[in-house]
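K.L.:
Protein sequence lines correspond, in order, to chains A and B. Counting from 1 along the first sequence, just add 678 to a position and that's the residue number in the numbering used here. Counting from 1 along the second sequence, just add 256 to a position and that's the residue number in the numbering used here. All C-beta atoms, glycine included, are put in the ideal place defined by N, C-alpha and C. Supplied in structure tokens, the structure appears directly below.
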Amino acid sequence: MRVFVEPWDPSYGASFEGGGSGDGPASTSSAQIDTDVEVPAAEWAPIDVSDSVQPPDVVYLVDGVRRIDAGLSTAEDDGTSYAGLAASFAAGVVRCDLGRGVAELVTAKVGRGLFTASPSMEDLLAGPVRYEVHRIEGPGEASKLPVAVQRPLTALEILISSEARAHGPEGYDLLVVDGPLRARRQLPRTIGFIKTQEKLYLPAVLNLVVTRLTAGQRTPVFHLGTAWGGWTWYLRLPGGSSAPWSGIVRVECSPDLSPEMAIELADLSQATLPRFASSAYKDPRAPQNLVPIAGLERRLRGMLGDSRLLHRALTKATVRSR
Amino acid sequence: MADGSYLQLDDVVVTQRHLPDREPVTIAGVVTQVRARHEGAQFDSDVFAIAEGTLPAVVQEAAEITTTRVDPELYVPPAPGAIVHRASGEARDAALHFDRMERRIPMGTGRDGVPVFLNADFLDGTRGAHVSISGISGVATKTSFATFLLYSVFRSGALGADGANARALIFNVKGEDLLFLDHPNTKLDEATRAGYKLLELPATPFSDVRVYAPPRAGDSSGAPDVSSRLTGVDTFYWTLEEFASLRLLPYVFADADDERQQYTMVVHSVTAHLHRYSVPAEGGISIDGKRLGSYGDLVDHIVEQLTDDETRSTWAGSAVNMGTVNAFARRLIGSKRDLARLIRGDLAQRRPHQIKTAESAQVTVVDLHNLPDRAQRFVVGVTLKTEFEEKEKAGTGRPLLFVVLDELNKYAPREGTSPIKEVLLDIAERGRSLGVILIGAQQTASEVERRIVTNSAIRVVGRLDPAEAARPEYGFLPPAMRQRALLARPGTMFVNQPDIPVPLCVEFPFPAWATRKSESGPPPSDTMKSIVQGADPFAVVGSSDDDIPF
């Protein structure tokens, strides 16, 4: 079998994000919802931050970045050909100790993978870097490959999230995961932070409550009945424009928790997250892209290494293997 | 820099480069720039987010190193990521080339508190000579550094017998600062003593100093014109006979603009006439049958002779027009007030009154601070000329003579010529072989004759004026050091010597000798004798502990 690195493509080296900035939800979801969890649906109103809530001193924030290093194609011995993707990804945890005023990178891990459906592909050694093969089921079209990178990245995020927590003895902390919780729902005291709203989950009447939120206010907790659903609520971060959905984030927590615990987490998130909101002139994704997350992503991208160097190394490695 | 380590400016560091086929190369250097920043901050305002604990960032320090030595001389770069150590002991000496100096003169400590040396080869004329010190007056401590350097030459023993026999001629231009070189400093504390000990120097005043001061104006006894120092001061003056026979008249016209005037030829013919026709007469001179007893008389006589149509041509030559003669006469008359106290016909001829370092003490201080500008130029010009001619006559480079002269830009300006500038240029260009070492100080090296600055092997800079620091004369300072020179504290100098590629930042200790009356301790015993007599006929030159012999 022979491997070829595709010629340079502007998209290589660029990291990619899920979704755009989005002005508001574009489609309506048909998911089952239960809006009577915290207050009856008829009494829904914006909830102000409660004075009795003590925000945690220590907040962990988890995020990951991905980057395509090169597109590959294989020439199998039987004459068939498969597309492949060499990608680098990294996940890290920032520990924001608001009491001491220190934000530090607790752990960060870099992984590199070769995503392909080719049955004969083996690990590729490009210079000092090893690209591990992640075999894709099915025909493995090139367009499906970038999505496949998410799975090992999520695994990496779960791994380092529990690692980061293992160091600290403090019981009163909060872990914020960038994006939906999905497979990370078993982590304790953890909330998922969804920056962009693609779907409308609430009925139109209740959506009015969402758009009526002022900075720092949240909606009551409701239950989402989708496969990855759970307890969830909307929150408006400060610093957005006056557009109805600007600065609105959806926060979710594990469905395994009791409603009381979910409400407690909602209060905690309301007391904690607005502090981290970014300002528009520093971050085009403000205010939803939280300051520690943005800093973490910059650091992680730095750790991915130089994309041109890796592309060269991959090219050399594949040429040698022929 | 790794966590927990730091470097400061001027630290000496060393690293090794391992090569496949030969011994490792040691690369040493000096820190010339340091910086610290938040890695991870994009905007300046991110520091608030970092301090608050919301933005992850790392404080990263970095230092810029200027290479001073590659040993063996295989010019390979240090490998990125190689471990760098702060150099101490032999490694530091090697990095700063001290190990190659056969004779090293301590000149202070580096920022790391360890002694820093000057290569004596570049001071005593072996491979170079002359020192040029620049800096703002008042804060740059130029004179203090010059005297400390002299002290180190005399006392460190680095020059061997040359150091002990060397003489110094110091012109005291401002205040009475340098008149107490042989008085202990009462403000000397333990820390300063320890500083001297570290440099292996005794913390004592200069041992053998002679101070010359001009006679008091209008005083016929010729008592020295000093107010604070009362003992051990001798008067210097020139007799009219010396003025005529040594052809000193040109030094009266030592302004740079004097030389551009037409009357220079009158100056020279009058000088020649005086030399040829004057006859000594009891202190004064007699010329054309007339006895002249003072400088005023001499000036009046010359002017009278020049304005008289009959005698003019014998004094000034025939082709001189009246305008030129008048210009000369005007200036000559103008010099009466300034020079009358220095050129005398009324004081004893035999009394020692001339400044001669060979017959004086180890350190000769000539006090000029009470003299007007024209008189200062006259004294400096005549003294340097006399000394240099003595050296030329002797024809040997030993003993060494160090000449310390402040405000060099006044005596050897970049533009124009003058008799003094000629002498100084002579010293700068030929002094090295004759053992005359010029330690010149000036506020602005850019205004000093270029040939004098370029002939100085050792260049020293104290605090500089920002506009001055940008001039090419300071090209030897790396940009970062140039910036630092704007902030240099008193007692901190940047010294550039030919065999070290980076100027060294030096802190020299507080003087162990008094620099003003208020801090002076008891005078040394042998200065007491001058209360009795201006010059001790029994004194052995260079002896220090002899008491009053009667």
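(1) Under the rule that 16 or more other beta-carbon atoms within 10 Å means buried, what is P471 (chain B), buried or exposed?
(2) So, is F634 (chain B) buried or exposed, given that buried needs 16 or more other C-beta atoms within 10 angstroms?
(3) Show which residues of chain A have a CB atom less than 7 angstroms away from the CB atom of G309 (chain B).
(4) Determine, using beta carbons only, whether F871 (chain A) comes closer than 8 angstroms to chain B.
(5) Along the segment 969-987 of chain A, what residues have a CB closer than 7 angstroms to any CB found in chain B?
(6) Return the CA-CA distance between D553 (chain B) and T563 (chain B), expressed in angstroms with no decimal places.
(7) Which residues of chain B have a Cβ atom closer than 7 angstroms to the Cβ of R953 (chain A), listed in chain order?
(8) Count Cβ pairs between the segment 763-781 of chain B and the segment 385-395 of chain B that sit closer than 8 angstroms; are there 3 or more?
(9) Please classify R738 (chain B) as buried or exposed, where buried requires at least 16 neighbouring CB atoms within 10 angstroms.
(10) Using the beta-carbon of each residue, which ones in chain A are nearer than 8 angstroms to A313 (chain B)?
(11) Which same chain residues, not among the five before or five after V526 (chain B), have their C-beta less than 7 angstroms away from its C-beta?
(12) Near G697 (chain A), which residues of its chain fall below 6 angstroms by C-beta distance, leaving aside the five closest residues on each side in sequence?
(13) Go to P362 (chain B), then tell me how far its beta strand (DSSP E) extends in each direction, as first and last residue.
(14) With which residues is E295 (chain B) paired in a DSSP beta bridge?
(15) Is V899 (chain A) near I926 (chain A), with beta carbons less than 8 angstroms apart?
(16) Is it the case that the segment 423-436 of chain B contacts the segment 676-689 of chain B, given that we only count it when at least three CB pairs across the two stretches are under 8 angstroms?
(17) Among the residues of its own chain, which have a CB less than 6 angstroms from the CB of L664 (chain B), if the five just before and after it don't count?
(18) Using 8 angstroms as the Cβ pair cut-off and three pairs as the minimum, do the segment 804-822 of chain A and the segment 833-846 of chain A touch?
(19) Rounded to whole angstroms, what's the CA-CA distance from S932 (chain A) to E938 (chain A)? Just pull it up for me.
(20) Report yes if the C-beta distance between T973 (chain A) and A292 (chain B) is below 8 angstroms; otherwise report no.
(21) Identify the residues that DSSP records as bridge partners of E810 (chain A): which are they?
(22) Report all residues from its chain with a CB closer than 6 angstroms to the CB of G700 (chain A); omit the five preceding and five following residues, and keep chain order.
(23) Compute the Euclidean distance between the alpha carbons of G590 (chain B) and L627 (chain B), then round it to the nearest angstrom.
(24) I'd like the list of long-range same chain contacts for D349 (chain B), defined as Cβ closer than 7 angstroms, with 5 residues on each side in sequence excluded.
(25) Taking T872 (chain A) as the reference, which of A:E800, A:R829, A:V811 and A:Q966 has the closest Cα?
(26) Buried or exposed for R986 (chain A), going by 16 or more other Cβ atoms inside 10 Å?
(27) How many angstroms separate the CA atom of R745 (chain A) from the CA atom of A307 (chain B)?
(28) Mind listing the chain A neighbours of F299 (chain B)? Cutoff is C-beta to C-beta under 8 angstroms, in chain order.
(29) Using the beta-carbon of each residue, which ones in chain A are nearer than 8 angstroms to I306 (chain B)?
(30) Can you list the alpha helix (DSSP H) stretches of 4 or more residues lying completely in the segment 871-912 of chain A, in chain order?
(31) Who are the near neighbours of G870 (chain A) in its chain, counting only those whose CB is closer than 6 angstroms to its CB and skipping five residues on each side?
(32) Name the two residues that bound the continuous beta strand (DSSP E) containing P371 (chain B).
(33) For chain A, find out if any of its Cβ atoms is closer than 8 angstroms to the Cβ of G260 (chain B); answer yes or no.
(34) Since A347 (chain B) contacts R325 (chain B) with CB under 8 angstroms, what's their CB separation in whole angstroms?
(35) For the candidate residues A:Y959, A:S919 and A:P830, whose alpha-carbon lies nearest to that of S301 (chain B)?
(36) When you compare only the Cα positions, how much space is there between Q316 (chain B) and Q732 (chain A)?
P.N.:
Quick look at the numbers:
(1) buried
(2) buried
(3) C774, D775, L776, R778, G779, V780 and A781
(4) no
(5) V969, P970, G973, L974, R976 and R977
(6) 15 angstroms
(7) T310
(8) no
(9) buried
(10) A781 and G973
(11) L505, I558, W571 and A572
(12) Legend: pLDDT at G697 (chain A) = 45, less than 50; position of this residue unreliable, value from coordinates given subsequently. Result list for G697 (chain A): T874, in chain order.
(13) R360 to T365
(14) B:V314
(15) no
(16) no
(17) G696, Q698 and V704
(18) no
(19) 12 angstroms
(20) Note that residue 973 (chain A) corresponds to Gly in the displayed sequence, not to Thr. Not a contact, by the Cβ cut-off of 8 angstroms.
(21) A:G791
(22) Here G700 (chain A) scores only 46 on pLDDT, less than 50, and its place in the model is too uncertain to base an answer on.
(23) 15 angstroms
(24) D355
(25) The amino acid at residue 872 (chain A) is misidentified as Thr; the sequence shows Ile. For I872 (chain A), the nearest C-alpha among the options comes from A:Q966.
(26) exposed
(27) 30 angstroms
(28) K960
(29) A781
(30) 882-890
(31) V855, P858, L859 and E930
(32) P371 to N375
(33) no
(34) Contact flag wrong, Cβ pair sits at about 10 angstroms.
(35) A:Y959
(36) 34 angstroms
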